[in-house]
Amino acid sequence: MQPYLLSFLIFTPLAAALAAVFIPAGAVKTFRWLALAVSVLQVFVLVQLLATYHAGGLQHVEQQPWIVLSLGSWGVFRAEYFVGVDGLSMPLVALSVFVLLIATIASWQTTRQAKGYYILLLILNAAIIGSFVALDFLLFYLFFEFMLLPMFFLIAIWGGPRREYASIKFFLYTLLGSILILIVMIGLYISVHDPSSPGGLVHTFNLLHMADPSNIVSHAILDPHNVWRLGPLDARQWAFLLLFLGFAIKLPMVPLHTWLPDAHVEAPTPMSVLLAALLLKIGGYGLARIAMPIFPDAALYFSSFVAIMGVISIVYGSFNAMASKDLKRLIAYSSVAHMGFVLLGLAAVTPEGVNGAVYQMFSHGIISAMLFLVAGVVYDRTHDRTIAHYSGLSSRMPAYTAMVLVAFFASLGLPGFSGFIAEILVFLGAFKSASTNGLLHESLAIIATSGLVFGAAYYLWTLQRMFFGPFDLKGGIQPTQITDLTVREYIQLVPLALAALAFGVWPQPVLDIIDPFAQQFCEHVLTVGKSVTFKP
Amino acid sequence: MSKEVIINNPDTLADSEYFLGCLLLVVGLPLLSALLCRLFPARRQNVITTLSSLLLLTGLAAAANMLRMVYDTHVVLKFPWFHLGDLSFSTGFFVDRTSALMAVLVLFVSFLVHIYSTRYMKDDGALSRYYAMLGFFTFSMLGIVLTIDLLTMFVFWELVGFSSYMLIGHWQHLPSAATAARKAFVMNRIGDVGFIVGLMIYWVQSGSFDIYLLTFIDGNNPEFISDYSQGLQTAGALCLFCGVIGKSAQFPLFTWLPDAMEGPTPVSALIHAATMVAAGVFMLVRLHALFTPASLDVVALTGVVTALLAALAALAQTDLKKILAYSTISQLGFMVMAVGAGAPDAAYLHLFTHAFFKACLFLCAGSVIHALHEAQHGTHAHFDVQDVRNLGGLRHKLPFTFAAFVVSGAALAGLPFFSGFLSKDAILTALLYWKGETFSWRWLVFGGAFLVSFLTALYTFRLIAKVFLGEERETTSLTVHEPSWHMRGPIALLALGSFWFFVSWNPLNYHGWLYQPAKADENFHSALLVFISGAWVLIAGAVAYYIFRQPRTAHVPLLLNSFYIDKLYTQTVATRTYALALLTEKIDRRWIDGFLHYVAYGQVTLAHLTGWFDRVIIDGTVNALAALVRTVGSFTRSFQGGKIQLYIFWSVLAIIIFLIWTLF
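Taken in order, these protein sequences are the chains called A and B. Residues 1 to 536 (the working numbering) make up the first sequence, in order. Residues 1 to 664 (the working numbering) make up the second sequence, in order.
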């Protein structure tokens, strides 16, 4: 049983989705309980997975041939079902299972076209976990694309008033990113051969083989010796840039971020949660798993660029959050700002920075899930998220106000919550980069700290406007609509609050998992990146 | 988690379970109080107030015991917090006389505030939150005081900011309270960003945040400081000082403290005496060894500017609590100045004495406000009880409060026989030596300090005169009662602490158990400076009496608005920032999304064009070809109509054409 834990995680929701097809559409309760059962089952599997996980390299590996096609003189086309977890994916898989469970509970009140909703949710579930564990580029790409479609329909059918615009924008943006990734994937496929297959040229999608420059076929397009240049960059730099842009759209990075606020504002609450907590992480994950290790030379070449884009995201996202008049939009922009820390940390290529970046992905998953749930609470009651329409909610919703306080303070990086650990590590790592590997200038980390001030400003201003002062409602909201948290909302919010607190006070268990990856990542990118750059 | 204990004293105090128990009680009880208070609903107020006060009292006893044990030694306890590979982030305790005494002070003031609040906050709807935050505030401050690690200090530093946010904004229905709370937190955050940059610099330079290692090895740190460049050391120290500027309300970030008056008055006492603004000065004292001469000059200048501006502003305020707030800022500037002059011990002494008399002043002010509010209750009088222009002559109605206010006010003004005189004297002496023999800008700082002490006497006298002396104004018709013992007890204790004997037995000499300066020349000091500063304050008192004996109100807008610095922030910086935020939103909407929409429109237009091309050109060509073929076909088909006459006609026609062709 144990070796197949990851497959079990991926295929349980798929099997459930298949089963759901045969359940009559009217049985709303059945779909709910089915989805919940799948999530709870995944939690048990996750516990088993964590119990058998030991800090270190890749484990729980499953490797099976998937597609093998002999192409005659063109070699052999081979893709594998190759999954495993390491320090990068383990925290994200754990986060996914946890957040998916909460999103399933948050979906409880979805009764409109429940069959379609839950089938899509289950497919999304499988695709998210699949993309975090896939180690074969084609398999990753498959899961990556499979995430896109359910999310598109979930926003387009169950979303808010401008859902069509938002869903199409989301779809087109992400599709553009996918195409950029696809181009590089093909380029890599024809440039890399499988060293373990003796005789004959066997191309491979294996991400681990791709990261080793000795597996590159000489005179292939992505061979470091290739003299082909387009404009100022060579092929490998272009390839990195395309991958980077593809993942940066997903992250999202300024200025490729404008799909995010629209998608969040229109998406139903559980989908906002999944989008912010998990789907954005694929961007950072892709950078750390694919773009930077496979093209370490280009990663070093572009590190300042990546970090500057991260800092711009932090500052620009914060400013935009300050100007937002819609609560969900504000939170969406704060996500843009927080994901900027991931870019900054990864670009630093220091143990602190990379640990901080991965920790930020993990922590932001918890905190942003909580933020969007909190925004959903008020939207469920009034169908209005305009900040200016509320005032003095603390007198009518004390428990809700307490939860909002926790979520906002966690997000603005108050020590004691997980976000602080992540951000301080990113700051230390980015600042240290100048003196250890010389990649980033110190000023980048210093400018990034201003995000802390802006974060405090927009969150506390929102608290002041919506929750403090005399109780008052505008925009036709009735005071009777304002009721405090229900039990189900407590069930969703309290675990997230406790998790944010626990991982802020005691980060070691997660860092123990991340750190081997971060160390190995830094060493790989720095040594290989420097050795590969022998340009003619 | 394994415990890594470093024992720096042969008595193995760090191994003593008794000592560790005390330490645990000191840190744990306020936190426990915070957690327990949250469990009870606000209507169980007796349970909440009694329980939390008892917990704090126990904590105070433990702290006093701890102080006794570490009085001549120090204990370093280090625990790993988290680590990345071999980079470790540890935490732990560094208990020496400085920190243990501070812990006693914090718990003492906090305990008194707990007692005082039982009446002041009686029947408050959110009493459990209030008491929980008081406990948490105390806990956070103790964290700053007792920690050994800069990063841990930063953690608690921010938690202090959070607690003050909650307490300043305690009355959530008041918009002004919410504004003040936000302002306090954001201003503190600005300073904290500097602190973080300082952390980065020390991390890169030394790979350690251990305060003990960074500062304590007899001033010269072979291991850590030696390979610092002087510039980086200065930069690091100044970045840490940014945190102090925010937390201790120094120029230019001091504007949050006067606004923080929106919180309940006992909270103000706590903030001003022990738990919040004291943190900055304490940190300066603690990390003094990290400061280079250049950075100390900046510290001294900041201190004198703050002290002067705030003292001037205090002269013109009309709000009872705001006068006290500006006085706190001014006194903090005084302490910071002392640190800048290389006399952290003198600053610490002043921090200690200031805690007593300032807490006392605030609690007295709270008594006045509370008593007048109660007196107003049920009458038609609804004047602002905090506005000193409405007050006067209260010495008859509130004799106890008056007495305590005069005692603590005298300490603030620095009259002989009061604690403030001694600590102020210590600072002035330090400045005297620091300024040097030849004239330099340091003489101006020294002169500024003297001016501040003059102004302090002036505004203190004005405050007492406005509130307690002269004729009663709006309060004439009210029946005012002194508050109950819950509020008078703490005031009495603090007033007692404002006398000289807490510092030293000799009322004119600051040498005592708290302060043993290394370099101050005793003879010179006692002969000259005591005389001068004593006379100086008396002159100030005379001037104040001359100015303020009539009940007139000088209206100086510049001072009332504290040099318009706050206006500058709210009207310039804040609005500009918001304008910038709106600009980014516009960029998003108009440029980025606008660009996308144009691309989309372009795409759709192109699609229409290609559609038109398909329809008109390609399909048109195909259709035209088809039509041509059809025309030709139908034309040729018409040859084969199936009628014999037609065939004959075509045959004849063909023959005729053929004949014409061949014959001509």
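All residues carry an ideal CB built from backbone N, CA and C; glycine is no exception.
> Counting pairs of Cβ atoms below 8 Å between the stretch 97-111 of chain B and the stretch 59-68 of chain B, do you hit three or more?
Replying inline: yes
> Going by Cα to Cα distance, which pick from 230/A, 201/A, 443/A and 394/A is closest to residue 217/A?
Replying inline: What you label residue 217/A is simply residue 217 of the first sequence in a count that begins at 1. That would be 201/A, whose Cα lies nearest to the Cα of residue 217/A.
> Cα-Cα, which of 75/B, 37/B and 38/B is closest to residue 23/B?
Replying inline: Taking the second sequence and counting its residues from 1, one reaches residue 23/B at position 23. Checked all of 75/B, 37/B and 38/B; the closest Cα to residue 23/B is 75/B.
> Excluding the five sequence neighbours on either side, which residues of its own chain have a C-beta within less than 8 Å of the C-beta of residue 394/B, listed in chain order?
Replying inline: If you number the second sequence from 1, residue 394/B lands on position 394. Hits under 8 Å: 368, 401, 402, 467, 468, 472, 475 and 480.
> Which bits of chain B does residue 445/A rub up against, with CB to CB less than 7 Å?
Replying inline: To locate residue 445/A, count along the first sequence from 1; it is residue 445. In chain order: 200.
> For residue 197/A, does the three-state DSSP call read helix, strand or coil?
Replying inline: One-based indexing of the first sequence puts residue 197/A at position 197. Three-state result, residue 197/A: coil.
> At a Cβ cut of 8 Å, what residues of the stretch 170-190 of chain B count as close to chain A, listed as they run along the chain?
Replying inline: 172, 173, 174, 175, 177, 178, 179, 181, 182, 185, 186, 189 and 190
> Around the Cβ of residue 238/A, are there at least 16 other Cβ atoms within 10 angstroms (buried) or fewer (exposed)?
Replying inline: By 1-based counting over the first sequence, the position of residue 238/A is 238. Flag for residue 238/A reads buried.
> Helix, strand or coil for residue 124/B per DSSP?
Replying inline: Sequence index remark: in the second sequence, residue 124/B carries index 124 (1-based). Correct three-state label for residue 124/B: coil.
> Assuming residue 454/B and residue 536/B make a contact with CB atoms under 8 Å, what is their CB distance in whole Å?
Replying inline: As a working mapping, residue 454/B is identified with position 454 in the second sequence. As a working mapping, residue 536/B is identified with position 536 in the second sequence. With 8 Å as the limit, residue 454/B and residue 536/B qualify as a contact, their Cβ atoms being about 6 Å apart.
> Given that residue 322/A touches chain B, what residues does it touch there, using C-beta distances under 8 Å?
Replying inline: Position 322 of the first sequence holds residue 322/A. Ordered by position in chain B, the residues that pass the 8 Å Cβ test against residue 322/A are 577, 578 and 581.
> Under a three-way DSSP split, which group does residue 348/B fall into?
Replying inline: As a first step, residue 348/B is located in the second sequence; it is residue number 348 there, counting from the start. Correct three-state label for residue 348/B: helix.
>> Just verifying my parser: in three-state terms, what is the DSSP assignment at residue 324/A?
In response: Here residue 324/A refers to the residue found at position 324 of the first sequence. Correct three-state label for residue 324/A: coil.
>> Can you pull out the residues from the stretch 431-462 of chain A whose beta carbon lies closer than 7 Å to at least one beta carbon of chain B?
In response: 431, 432, 435, 445, 446, 449, 450, 452, 453, 456, 457, 460 and 461
> So which residues on chain A does residue 353/B lean against when the C-beta distance must stay under 9 Å?
Replying inline: Taking the first residue of the second sequence as 1, we reach residue 353/B at position 353. Under the 9 Å cutoff, chain A gives no residues; its nearest Cβ is about 31 Å from residue 353/B.
>> My output table needs one value for residue 435/B: the three-state DSSP class, helix, strand or coil.
In response: Against the second sequence, residue 435/B aligns to sequence position 435. It is coil, neither helix nor strand.
> Quick one: which chain A residues come within Cβ less than 7 Å of residue 584/B?
Replying inline: As a working mapping, residue 584/B is identified with position 584 in the second sequence. Under the 7 Å cutoff, chain A gives 316, 319, 320 and 323.
> Between the stretch 106-123 of chain B and the stretch 138-151 of chain B, do three or more beta carbon pairs fall short of 8 Å?
Replying inline: yes
> Got a sec: is the Cβ-Cβ distance from residue 220/B to anything in chain A below 8 Å?
Replying inline: What you label residue 220/B is simply residue 220 of the second sequence in a count that begins at 1. Residue placement at residue 220/B is flagged as unreliable, the pLDDT there being 49, under the threshold of 50; the coordinate-derived value follows with that caveat. It does not; no Cβ of chain A falls within 8 Å.
> Which residues, taken in chain order from the stretch 462-487 of chain A, show a beta carbon closer than 9 Å to some beta carbon of chain B?
Replying inline: 463, 464, 465, 467, 468, 469, 470 and 471
> Any contact of the stretch 422-433 of chain A with the stretch 463-480 of chain A, i.e. 3+ C-beta pairs under 8 Å?
Replying inline: no
> Are the Cβ atoms of residue 20/A and residue 118/A separated by less than 8 Å?
Replying inline: Mapped onto the first sequence, residue 20/A falls at position 20. Mapped onto the first sequence, residue 118/A falls at position 118. Yes, these two residues count as a Cβ contact at 8 Å.
>> Given this structure, state the Cα-to-Cα distance separating residue 328/B from residue 358/B, to the nearest angstrom.
In response: Position 328 of the second sequence, counted from the start, is the residue given in the question as residue 328/B. Position 358 of the second sequence, counted from the start, is the residue given in the question as residue 358/B. Approximately 8 Å between the Cα atoms of the pair.
>> Quick check on this structure: which residue in 363/A, 106/A, 133/A and 508/A has the alpha carbon closest to the alpha carbon of residue 90/A?
In response: Taking the first residue of the first sequence as 1, we reach residue 90/A at position 90. Selected option, being the one with the closest Cα: 133/A.
>> Residues in the same chain with beta-carbon distance under 7 Å from residue 246/B, minus the five sequence neighbours each way, listed in chain order, please.
In response: By one-based count along the second sequence, residue 246/B stands at place 246. Counting only Cβ-Cβ distances below 7 Å, and skipping sequence neighbours, we find 187, 188, 190, 191, 192 and 253.
> Among all the DSSP beta bridges, which residues are the ones paired with residue 586/B?
Replying inline: Taking the first residue of the second sequence as 1, we reach residue 586/B at position 586. Bridge partners of residue 586/B: none, in fact.
> Distance, Cα to Cα, residue 310/B vs residue 456/B?
Replying inline: As a working mapping, residue 310/B is identified with position 310 in the second sequence. As a working mapping, residue 456/B is identified with position 456 in the second sequence. Cα-Cα distance, rounded: 10 Å.
> Can you list the residues of chain B that residue 352/A reaches, using a CB-CB cut of under 9 Å?
Replying inline: The residue you call residue 352/A lines up with position 352 of the first sequence. Here the neighbours are 84, 87 and 203.
> Does the Cβ of residue 657/B have 16 or more other Cβ atoms within 10 Å, making it buried, or fewer, making it exposed?
Replying inline: Indexing the second sequence from 1 puts residue 657/B at position 657. Exposed.
> Smallest Cα separation from residue 214/B: which of 194/B, 196/B, 236/B and 231/B?
Replying inline: Counting from 1 along the second sequence, the entry for residue 214/B is found at position 214. Of the candidates 194/B, 196/B, 236/B and 231/B, the one whose C-alpha sits nearest the C-alpha of residue 214/B is 236/B.
> When the Cα atoms are used, what is the spatial distance from residue 661/B to residue 655/B?
Replying inline: The count along the second sequence starts at 1 and reaches residue 661/B at position 661. The count along the second sequence starts at 1 and reaches residue 655/B at position 655. Going from the Cα of residue 661/B to the Cα of residue 655/B covers about 10 Å.
>> Give me, in chain order, the residues of the same chain whose beta-carbon lies closer than 6 Å to that of residue 566/B; leave out the 5 immediate sequence neighbours on both sides.
In response: Numbered from 1 along the second sequence, position 566 holds the residue referred to as residue 566/B. So the qualifying residues of the chain are 255.
> Smallest Cα separation from residue 267/B: which of 146/B, 460/B, 118/B and 152/B?
Replying inline: Taking the first residue of the second sequence as position 1, residue 267/B is located at position 267. Ranking the options by Cα distance to residue 267/B, first place goes to 118/B.
> Once you ignore the five residues that flank residue 189/A on each side, which residues in its own chain have a CB closer than 7 Å to its CB?
Replying inline: For the purposes of this step, residue 189/A is taken as the residue at position 189 of the first sequence. So the list reads 203 and 205, once near-sequence residues are dropped.
> Listed in chain order, which residues of the stretch 153-164 of chain B have Cβ atoms closer than 9 Å to some Cβ of chain D?
Replying inline: Considering every chain present, this structure includes no chain D. Its protein chains are A and B.
>> Please classify residue 43/B as buried or exposed, where buried requires at least 16 neighbouring CB atoms within 10 angstroms.
In response: In the second sequence, counting from the first residue as 1, residue 43/B sits at position 43. Exposed, since its Cβ has fewer than 16 Cβ neighbours within 10 Å.
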